[in-house]
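Residue numbers (the numbering used here): 141 to 344. Where a beta carbon is used, it is the ideal one built from N, C-alpha and C, also for glycine. Computed from a predicted model, the values in this text were never measured in an experiment.
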């Protein structure tokens with residue numbers, strides 16, 4: 141083989157090598173682009189997941205706050221109901237004590253009447269009894285509600301009774317129920333209005 145032929149052969153081999161290297165370079169570039177695209181996609185997914193996680197954390201925090209507020213509100217309502225219950229029980233105890241005292245006064249008056257053998261007019265005894273009731277029980281819910289209904293001479297809602305008398309709504313409900321059971325008032329459950337059924341005081 142002559143030098144020229146050898147040179148041509150080397151040039152062909154060199155050319156083939158260059159072509160092969162360029163092909164490999166193109167392949168590597170394509171693979172590199174795919175890797176970069178895959179990495180960008182992975183980063184975007186990671187960012188989306190992180191954003192979703194932040195959103196979920198905010199929602200969880202908001203729900204925790206709502207739960208705490210609901211628990212605090214529930215605790216406040218329970219405390220208020222307990223306070224109303226305790227005050228109502230205290231008031232009932234006071235009424236019981238005062239009823240006992242009125243009974244004692246009546247027995248004492250009856251005994252004194254028999255001892256002195258005095259004739260007492262029935263209307264006088266009734267006037268004394270009414271005076272005692274008005275004096276002892278005027279500040280109590282049952283009497284105050286009856287006085288209110290006598291004054292307005294028309295139906296009035298339990299809400300207005302509570303706001304006008306200063307009596308707690310729970311106490312008003314119980315007192316109105318007691319008065320209705322005694323047929324002294326009637327209640328319209330639809331309108332929540334209370335109407336006096338008997339003019340006890342018989343005012344003009």
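Cβ neighbours of residue 281 within its own chain (closer than 6 angstroms, five residues either side excluded): 307, 311 and 315. In this structure, the alpha-carbon of residue 200 lies about 21 angstroms from that of residue 186.
In the same chain as residue 332, and ignoring 5 residues on each side of it, the C-beta atoms closer than 6 angstroms to its own belong to 297 and 298, in chain order. If you draw a 10 Å sphere on the C-beta of residue 334, you find 16 or more other C-beta atoms in it, and that means buried.
The alpha-carbon of residue 290 is positioned some 31 angstroms away from that of residue 220. DSSP places residue 326 in the strand class (E or B) of the three-state scheme. Residue 297 carries a strand assignment under DSSP once its states are collapsed to helix, strand and coil. In the three-state scheme derived from DSSP, where H, G and I count as helix and E and B as strand, residue 142 is classed as coil. In the three-state scheme derived from DSSP, where H, G and I count as helix and E and B as strand, residue 337 is classed as coil. DSSP, reduced to helix, strand and coil, places residue 303 within a helical segment of the structure shown. Of the candidates 313, 317 and 288, 288 places its Cα closest to the Cα of residue 304. Judged by DSSP secondary structure, residue 318 falls within the alpha helix (DSSP H) whose first and last residues are 309 to 321.
For residue 291, the enclosing alpha helix (DSSP H) starts and ends at 281 to 292.
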